[in-house]
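Heads up: the structure comes next, in structure tokens.
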Amino acid sequence: WMEGLPYLDGIEFYHGLPFSPELGSAFLAGRTDYARLIDPVTRREADARDDMTATDYYQSVIQAVWLNADREPFNDPRVRRAMHLVFDRPVLVEAVKDVAPMLVGGFIYPFSDVATPTEELTKRVGYQPDTTASIKEARALLEAAGHGGGMKGLDFVVRDVATFKIWSQAVQAMLAQALNIECELRTVVESVWFDDTNNGKFDLSVGAIVSTLIDPSDYFNTWYGPNGPQNYSQWEDPRFTELLAAIDNEVDPVKRQEAITAAEMVMEENPPVLPICWEKINDGWYNYVKGHNPYNYFGLYDVGRFDTFWLDK
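Residue numbers (this note's numbering): 0 to 312.
Below, the structure is given as structure tokens:
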């Protein structure tokens, strides 16, 4: 449709697992010209080489644990908040630093204009490096909900990806140590994970979901809204639903921000998911790959056009 484009006669795509050693090895060995979602170790090697370039950019993904609100006791906001509070998020980010680059965050893209600033968020219980206050509140909430003695035998579905397997073990330990909640890990391939999680065949489920846009009107509806296609917890809160309508329709930026912040606080009190972190991803390419500008990408939806790429070789 545009004369003179594309510049390439064709492209071969090889689908490697995100952040995997195999993906990094293929790139470093010259079997691919461009690699997406390389691990930090590969990124550091690319940075050290004169014939390669790499960069990172924010991804349109939340990494999280879903709780099945159709099952007791996960229909109790006190139970969900208690479990939310005992996640040591700085530790969860650190645990995967050599697998994938991540950021601490809550229910809103932490790098967006409407998010609570990181310096404020890290003072909030549930996000503080020192978890003492968070665990104290969490234990009180679980006691008030009638589960002070903890829980046993919970079905924790794990998506078969390196990061999720690491986090599942870390979360399992955090819940056991802080709240005496014992989970049985069930690692499954991606197709089974999506099927079981979408159909409510879990108590807890760890994975990731993607949005199209960075604006809350997009992902608040799809991730957290009533009947949202990725509201895997089957969560609903009338206060949030009312605020969501205001967010979608308000044109005054100040009033809209007030509604977004209010919705965030509803989710802190009654979590639709348990956020683990938010993602940055690394791309790397050989310097002979020209015609692209990945430095301002957001998410995977900015990276699907190759019509201006060309190879200087």
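Note that beta-carbon positions come from the ideal geometry of N, C-alpha and C, so glycine has one too.
Note that the structure is a prediction, hence the values are computed from the model and not measured.
Nearest candidate by alpha-carbon position, reference residue i, set the options
{"i": "residue 298", "options": "31, 96, 129, 110", "result": "110"}
{"i": "residue 127", "options": "241, 112, 105, 140", "result": "105"}
{"i": "residue 22", "options": "35, 10, 11", "result": "35"}
{"i": "residue 183", "options": "265, 205, 250, 252", "result": "205"}
{"i": "residue 203", "options": "171, 155, 220, 170", "result": "155"}
{"i": "residue 31", "options": "12, 45, 88, 269", "result": "12"}
{"i": "residue 115", "options": "260, 302, 272", "result": "260"}
{"i": "residue 134", "options": "269, 178, 172, 95", "result": "178"}
{"i": "residue 51", "options": "33, 233, 130, 185", "result": "33"}
{"i": "residue 53", "options": "37, 18, 304, 214", "result": "37"}
{"i": "residue 89", "options": "255, 166, 55, 308", "result": "166"}
{"i": "residue 107", "options": "117, 130, 42", "result": "117"}
{"i": "residue 199", "options": "132, 119, 230", "result": "230"}
{"i": "residue 151", "options": "164, 171, 162, 224", "result": "171"}
{"i": "residue 242", "options": "153, 216, 227, 226", "result": "216"}
{"i": "residue 75", "options": "46, 87, 142, 123", "result": "142"}
{"i": "residue 65", "options": "294, 273, 306, 307", "result": "273"}
{"i": "residue 214", "options": "191, 256, 169, 190", "result": "256"}
{"i": "residue 103", "options": "189, 244, 92", "result": "92"}
{"i": "residue 169", "options": "119, 94, 101, 185", "result": "94"}
{"i": "residue 295", "options": "1, 3, 56", "result": "56"}
Reduced DSSP secondary structure (H/G/I, E/B, other) of residue i
{"i": "residue 155", "result": "strand"}
{"i": "residue 185", "result": "strand"}
{"i": "residue 192", "result": "helix"}
{"i": "residue 74", "result": "coil"}
{"i": "residue 47", "result": "helix"}
{"i": "residue 101", "result": "strand"}
{"i": "residue 28", "result": "coil"}
{"i": "residue 23", "result": "helix"}
{"i": "residue 256", "result": "helix"}
{"i": "residue 52", "result": "strand"}
{"i": "residue 1", "result": "coil"}
{"i": "residue 66", "result": "strand"}
{"i": "residue 61", "result": "strand"}
{"i": "residue 135", "result": "helix"}
{"i": "residue 84", "result": "helix"}
{"i": "residue 333", "result": "Residue coverage of the chain in this structure runs from 0 to 312, which leaves residue 333 outside it and unanswerable."}
{"i": "residue 234", "result": "coil"}
{"i": "residue 310", "result": "strand"}
{"i": "residue 314", "result": "There is simply no residue 314 to check, as the chain begins at 0 and stops at 312 in what is shown."}
{"i": "residue 288", "result": "strand"}
Endpoints, the alpha helix (DSSP H) within which residue i is located
{"i": "residue 164", "result": "161 to 178"}
{"i": "residue 203", "result": "Element bounds for residue 203: not the alpha helix (DSSP H) but the beta strand (DSSP E), 203 to 209."}
{"i": "residue 244", "result": "237 to 248"}
{"i": "residue 218", "result": "215 to 218"}
{"i": "residue 119", "result": "117 to 120"}
Beta-carbon contacts of residue i that lie in its chain and below 7 angstroms, excluding the five residues immediately before and after
{"i": "residue 140", "result": "77, 80, 81"}
{"i": "residue 137", "result": "81, 84, 85, 177, 178"}
{"i": "residue 322", "result": "Only positions 0 to 312 of the chain appear in this structure, which leaves residue 322 out of reach."}
{"i": "residue 72", "result": "78, 144, 146"}
{"i": "residue 163", "result": "157, 205, 206"}
{"i": "residue 201", "result": "67, 154, 156, 195"}
{"i": "residue 42", "result": "53, 281, 283"}
{"i": "residue 254", "result": "none"}
{"i": "residue 113", "result": "107, 215, 256, 259"}
Residues near residue i in its chain [Cβ-Cβ closer than 6 angstroms; skip 5 each side]
{"i": "residue 218", "result": "210"}
{"i": "residue 60", "result": "207, 209, 278"}
{"i": "residue 62", "result": "207, 275, 276"}
{"i": "residue 311", "result": "287, 289"}
{"i": "residue 309", "result": "6, 289, 290"}
{"i": "residue 17", "result": "36"}
{"i": "residue 193", "result": "none"}
{"i": "residue 262", "result": "239, 242"}
{"i": "residue 130", "result": "87"}
The beta strand (DSSP E) enclosing residue i, as first and last residue numbers
{"i": "residue 282", "result": "273 to 285"}
{"i": "residue 33", "result": "33 to 37"}
Cβ neighbours of residue i in the same chain (closer than 8 angstroms, five flanking residues each side left out)
{"i": "residue 69", "result": "199, 233"}
{"i": "residue 97", "result": "38, 39, 40"}
{"i": "residue 187", "result": "156, 157, 158, 159, 195"}
{"i": "residue 19", "result": "38, 161"}
{"i": "residue 46", "result": "53"}
{"i": "residue 225", "result": "235, 240"}
{"i": "residue 121", "result": "103, 127, 128"}
{"i": "residue 220", "result": "227, 243, 247"}
Below 8 angstroms, can you find three or more Cβ-Cβ pairs linking the segment 25 to 44 to the segment 281 to 290?
-> yes
Spell out a yes or no on whether the segment 128 to 148 and the segment 156 to 166 are touching, meaning 3 or more CB-CB pairs, one atom from each, closer than 8 angstroms.
-> no
Does the count of Cβ pairs from the segment 261 to 277 and the segment 236 to 249 closer than 8 angstroms reach three?
-> yes
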